[in-house]
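Data block below; observations after.
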DNA sequence: CTAGGGTTAG
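Residue numbers (UniProt numbering): 1 to 457.
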């Protein structure tokens, strides 16, 4: 009895240390307890597994599973769920599936959270079909879906470009008696706005109002961003005013949404006003806020103010992320300093950032704009990943350099691969072929573009 | 464990 209540105390202590990110201290407390004869139980180890997943990684957490077995304690469904959540967080789908199989083999029955995590990871890995199978497996086998099951499903469908299915599913589930949470409404409204389904988003917003839930700061920011996306600036500003009145501008989300939207429009003066308003209200800047402001200063060509912000960040112990670097590279390109932009891009390579696609696109485009089409093509060929921006930029700049035949070949290969380029880039090729004395090639290209469009829809 | 803000559009 004494021992059991001591272990309970130990677990409270370990949980608290883990929350404070003090893993070493937690380990030493466990070691001391064992010496005193107070043995950790399954809860102690599960707490540790969860903490290692969040603070170190799934590999480190897996070592705890081994230690647990050595101590003669059988891992349970929570141990495995924590490990799977850790794998999901790192995007390790095969690892997660392995853990799921291992759990089943050891006779531990997966619960709804095991399935939720599996579903979430399938969606995050761009496998909506697999995720959907899991969802219907939960539903058809009556594995008592949790509210999060529905939220993960609706969010996953939206993030994988199936906002329409998400909407249909929402109404279907409603008809079965499912009661959406605020988070469900927010998820769906965001997905519909991003998919351009503004009318449907408004309908869900109305539904939210009638559901008895009060819209929160997230609802407001989501709708406000949608207004800016569709150029309804006045309506957007009204929403911000409303948020200020309701006390929903306690963090940088709302202000950064407005500032970024204005910068995109080239309205840097107004953006600066909002920036000052944000600073006056004493909001602690986070990395996203810094990036938003650095982008604003880059647009204004105020590189001095950019350096000042970077110094601030360093003092606060905030590290630049891939967005910071990309924003700076883009800013350097805009100011015509392609050399420094290229150097910055290579320093990003050295530091081992995983996704540099946008940064490369900026430099390739910058080189083209600066008339260095050969350098642009060289960099283009060296890129391991390319997207519609890469091709649109290169095609456009080839046209600018009057290399219509080369541009046309590249455009045709994109069409064959089902990649849609910006209309302006396609038009530039057609116009170029016409004006340089190849009207029949231009006509042929136009008809191929039309066919590709028809096949897409 | 599931919802909102930041980068490229020539």
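We put the beta carbon where it would ideally sit given N, CA and C, even for glycine.
Can you give me the Cβ contacts of residue i inside the same chain, cut-off strictly under 8 Å, excluding the 5 residues immediately before and after it?
{"i": "residue 90", "result": "57 and 58"}
{"i": "residue 29", "result": "10, 13, 14 and 17"}
{"i": "residue 372", "result": "338"}
{"i": "residue 327", "result": "291, 294, 295 and 298"}
{"i": "residue 379", "result": "360, 363, 364 and 367"}
{"i": "residue 96", "result": "84, 87, 88, 117, 118 and 121"}
{"i": "residue 305", "result": "297"}
{"i": "residue 329", "result": "341, 344, 345, 348, 359, 362 and 363"}
{"i": "residue 67", "result": "45"}
{"i": "residue 184", "result": "147, 150, 151, 154 and 170"}
Is it true that the CB of residue j sits closer than 7 Å to the CB of residue i?
{"i": "residue 480", "j": "residue 173", "result": "Examination of residue 480 is not possible in this model, given that the chain is present from 1 through 457 alone."}
{"i": "residue 21", "j": "residue 55", "result": "yes"}
{"i": "residue 376", "j": "residue 364", "result": "yes"}
{"i": "residue 169", "j": "residue 200", "result": "no"}
{"i": "residue 160", "j": "residue 128", "result": "yes"}
{"i": "residue 145", "j": "residue 152", "result": "no"}
{"i": "residue 422", "j": "residue 392", "result": "yes"}
{"i": "residue 256", "j": "residue 226", "result": "no"}
{"i": "residue 406", "j": "residue 428", "result": "no"}
{"i": "residue 99", "j": "residue 154", "result": "no"}
{"i": "residue 64", "j": "residue 80", "result": "no"}
{"i": "residue 452", "j": "residue 415", "result": "yes"}
{"i": "residue 268", "j": "residue 314", "result": "no"}
{"i": "residue 32", "j": "residue 82", "result": "no"}
{"i": "residue 114", "j": "residue 93", "result": "no"}
{"i": "residue 254", "j": "residue 221", "result": "yes"}
Rounded to whole angstroms, what's the CA-CA distance from residue i to residue j? Just pull it up for me.
{"i": "residue 401", "j": "residue 294", "result": "32 Å"}
{"i": "residue 1", "j": "residue 35", "result": "In this predicted model, residue 1 has a pLDDT of only 47, less than 50, meaning its place in the structure is not dependable enough to derive any value."}
{"i": "residue 444", "j": "residue 147", "result": "54 Å"}
{"i": "residue 381", "j": "residue 442", "result": "26 Å"}
{"i": "residue 283", "j": "residue 258", "result": "15 Å"}
{"i": "residue 234", "j": "residue 318", "result": "34 Å"}
{"i": "residue 27", "j": "residue 38", "result": "14 Å"}
{"i": "residue 136", "j": "residue 130", "result": "10 Å"}
{"i": "residue 308", "j": "residue 279", "result": "15 Å"}
{"i": "residue 396", "j": "residue 389", "result": "10 Å"}
{"i": "residue 302", "j": "residue 228", "result": "25 Å"}
{"i": "residue 350", "j": "residue 162", "result": "37 Å"}
{"i": "residue 196", "j": "residue 331", "result": "29 Å"}
{"i": "residue 435", "j": "residue 231", "result": "35 Å"}
{"i": "residue 287", "j": "residue 140", "result": "44 Å"}
{"i": "residue 335", "j": "residue 60", "result": "46 Å"}
{"i": "residue 70", "j": "residue 62", "result": "13 Å"}
{"i": "residue 108", "j": "residue 355", "result": "38 Å"}
{"i": "residue 403", "j": "residue 384", "result": "24 Å"}
Short of 6 Å in beta carbon distance, which residues of its chain neighbour residue i, apart from the five on each side in sequence? Order them along the chain.
{"i": "residue 353", "result": "322"}
{"i": "residue 217", "result": "248"}
{"i": "residue 276", "result": "none"}
{"i": "residue 370", "result": "338"}
{"i": "residue 134", "result": "115, 118 and 119"}
Kindly list the residues whose CB is nearer than 7 Å to the CB of residue i, restricted to its own chain and excluding five residues on each side of it in sequence; keep chain order.
{"i": "residue 426", "result": "411 and 449"}
{"i": "residue 387", "result": "357"}
{"i": "residue 112", "result": "138, 143, 144, 145, 146 and 149"}
{"i": "residue 104", "result": "110"}
{"i": "residue 25", "result": "17"}
{"i": "residue 263", "result": "271, 295, 296 and 299"}
Report buried or exposed for residue i, applying the criterion of at least 16 other Cβ atoms within 10 angstroms of its Cβ.
{"i": "residue 190", "result": "buried"}
{"i": "residue 346", "result": "exposed"}
{"i": "residue 40", "result": "buried"}
{"i": "residue 285", "result": "buried"}
{"i": "residue 250", "result": "exposed"}
{"i": "residue 252", "result": "buried"}
{"i": "residue 224", "result": "buried"}
{"i": "residue 266", "result": "exposed"}
{"i": "residue 214", "result": "exposed"}
{"i": "residue 455", "result": "exposed"}
{"i": "residue 176", "result": "exposed"}
{"i": "residue 186", "result": "buried"}
{"i": "residue 333", "result": "buried"}
{"i": "residue 320", "result": "buried"}
{"i": "residue 281", "result": "exposed"}
{"i": "residue 408", "result": "buried"}
{"i": "residue 289", "result": "buried"}
{"i": "residue 236", "result": "buried"}
Cβ contact (3+ pairs, closer than 8 Å) linking the region 36-51 and the region 64-77: yes
Three CB pairs or more closer than 8 Å across the region 232-246 and the region 203-210: no
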